[in-house]
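Following the numbering used here, the numbering of the sequence shown begins with 1 at its first residue and continues without gaps.
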Amino acid sequence: MTTDTTQSTTSGSTVSAAEPDDDWTPRCRRRLRAALQVLAREDRVMSPAELRDAVAPLEPLTTYDLSLPKPDGSPRAWTNLFWNLTTNYEHAGWLHATPAGYRITREGRAALDSGKDGLALFDEARAGYIEWDTDRKAVLPDVATDPSRDVKHGGSGAAHALRALEPLVGAWRSQSSAFSPGAGAWTAASTERLAQFLAAQTQASPSELQGLDDDAARLLAAEAFALLLG
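As structure tokens, this is what we get:
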């Protein structure tokens with residue numbers, strides 16, 4: 001039997017020091033899978049509140065799930081869900097997380113369509129995160145330069161930036177795509193559609209570009225944004 005030490009906060013919420021029950025981890029993994037299902041079904045950007053409310057009935061919340069790890073924190077279930085969505089699942093490429101909310105990617109749909117259960121999906125996402133994390137922490141040698149024509153940018157950080165930009169610049173030169181090989185993102189037609197959309201905006205457009213329905217133009221916007229960040 002688990003010993004549960006609780007105390008009430010001034011808001012009436014319960015702060016619990018209980019140990020998690022045996023189903024806590026599987027339950028969290030099922031909830032993450034349910035979140036992907038909701039995002040796939042809605043096929044739009046969903047705010048954290050919208051996603052939380054849609055997921056809640058799909059995986060019933062226990063008393064432990066609703067308890068707070070600290071007085072000023074969020075319930076354990078939602079802390080776990082959104083932490084994993086913005087770390088393991090985002091860096092595996094399964095969703096986009098922006099200030100406006102969450103949206104599933106084609107890779108996320110493919111992972112969901114594989115039929116794997118919540119535990120297996122989490123393991124796959126976690127492996128993707130570890131690969132990303134290992135790659136970003138790698139110490140890279142200086143990039144070889146020709147002093148007669150190149151500006152030398154030394155250090156591992158510069159090497160990482162140049163390596164990340166290489167496929168984007170290559171896609172620009174070949175009028176293809178770095179994020180979706182074979183797609184025609186960097187073309188005159190995509191550029192014109194994106195420019196028309198941006199010109200029609202009456203105020204600064206958020207990074208989600210809601211209302212831009214052309215896939216190639218959206219892909220171009222994403223790759224151009226990544227190029228600017230680099």
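From the three backbone atoms N, C-alpha and C, an ideal C-beta is built for every residue, glycine too.
Taking the CB atoms as reference points, tell me whether residue i and residue j lie closer together than 8 angstroms.
i	j	result
threonine 63	glutamate 208	no
alanine 217	serine 190	yes
valine 45	glycine 93	no
leucine 36	leucine 81	no
arginine 30	glycine 118	yes
leucine 227	leucine 165	yes
alanine 49	leucine 61	no
alanine 56	valine 38	no
tryptophan 109	alanine 40	At residue 109 the sequence reads arginine, which differs from the tryptophan that was named. Yes, the pair counts as a contact, with Cβ atoms nearer than the cut-off.
Should residue i go down as buried or exposed, given a rule of 16 or more other Cβ atoms within 10 Å for buried?
i	result
glutamine 7	Because the pLDDT of glutamine 7 is 47, which lies under 50, any placement of that residue in the model is unreliable, and the question is left without a value.
isoleucine 104	buried
threonine 5	Because threonine 5 sits at a pLDDT of 47, beneath the cut-off of 50, its placement in the model cannot be relied upon, and the point is left open.
leucine 192	At residue 192 the sequence reads glutamate, which differs from the leucine that was named. It is exposed - the Cβ of glutamate 192 has fewer than 16 other Cβ atoms within 10 Å.
threonine 9	For threonine 9, the predicted model reports a pLDDT of 46, less than 50, meaning its position is unreliable and no value from the coordinates is stated.
glutamate 90	buried
aspartate 21	exposed
aspartate 135	exposed
aspartate 283	This structure does not reach residue 283, given that the chain is present from 1 up to 230, and the question cannot be answered.
aspartate 72	exposed
leucine 95	buried
alanine 127	exposed
aspartate 65	buried
glutamine 188	Contrary to the premise, residue 188 reads as alanine rather than glutamine in this sequence. Looking at its Cβ environment, which holds fewer than 16 other Cβ atoms inside 10 Å, alanine 188 is exposed.
Under the assumption that residue i contacts residue j (Cβ atoms under 8 angstroms), give the Cβ distance between them as a whole number of angstroms.
i	j	result
leucine 168	glutamate 223	6 angstroms
serine 174	alanine 183	The Cβ separation is near 11 angstroms, so there is no contact.
threonine 86	tyrosine 129	11 angstroms between Cβ atoms; not a contact.
phenylalanine 197	leucine 212	5 angstroms
Roughly how many whole angstroms lie between the Cα atoms of residue i and residue j?
i	j	result
serine 58	serine 67	The sequence given here has leucine at residue 58, not serine. Approximately 19 angstroms, taken between the alpha carbons.
threonine 202	leucine 121	41 angstroms
proline 147	proline 141	17 angstroms
tryptophan 132	tryptophan 83	16 angstroms
glycine 12	alanine 171	Its pLDDT being 47, under 50, glycine 12 is placed unreliably in this model, and the value from its coordinates should be taken loosely. In a straight line, the C-alpha of glycine 12 is about 55 angstroms away from that of alanine 171.
threonine 2	serine 114	Any reading at threonine 2 is ruled out, since the residue's pLDDT is 42, under 50, leaving its predicted position unreliable.
glycine 154	valine 143	7 angstroms
proline 75	alanine 111	27 angstroms
glutamate 107	histidine 160	24 angstroms
alanine 123	alanine 199	Correcting the residue type first, residue 123 is aspartate in the shown sequence and not alanine. Cα to Cα, aspartate 123 sits roughly 43 angstroms from alanine 199.
glutamate 19	proline 26	15 angstroms
threonine 145	valine 139	18 angstroms
aspartate 238	serine 47	Nothing about residue 238 can be reported from this structure: the residues present for the chain run from 1 to 230 only.
threonine 281	alanine 34	In the structure as shown, the chain begins at 1 and stops at 230. Residue 281 is therefore absent and cannot be evaluated.
alanine 125	aspartate 23	20 angstroms
Would you say residue i touches the ligand ZN, meaning its beta carbon is less than 7 angstroms from a heavy atom?
i	result
alanine 127	Of the ligands one can find in the structure shown there are none, so the ligand ZN has no counterpart to examine.
query: What are the start and end residues of each continuous alpha helix (DSSP H) run of 4 or more residues lying completely inside the region 146–193, in chain order?
result: You should have 156–174.
Runs of alpha helix (DSSP H) wholly within the region 56–122 (minimum 4 residues, chain order): With a minimum length of 4 residues, the continuous alpha helix (DSSP H) runs that stay inside the region 56–122 are 63–66, 76–84 and 106–113.
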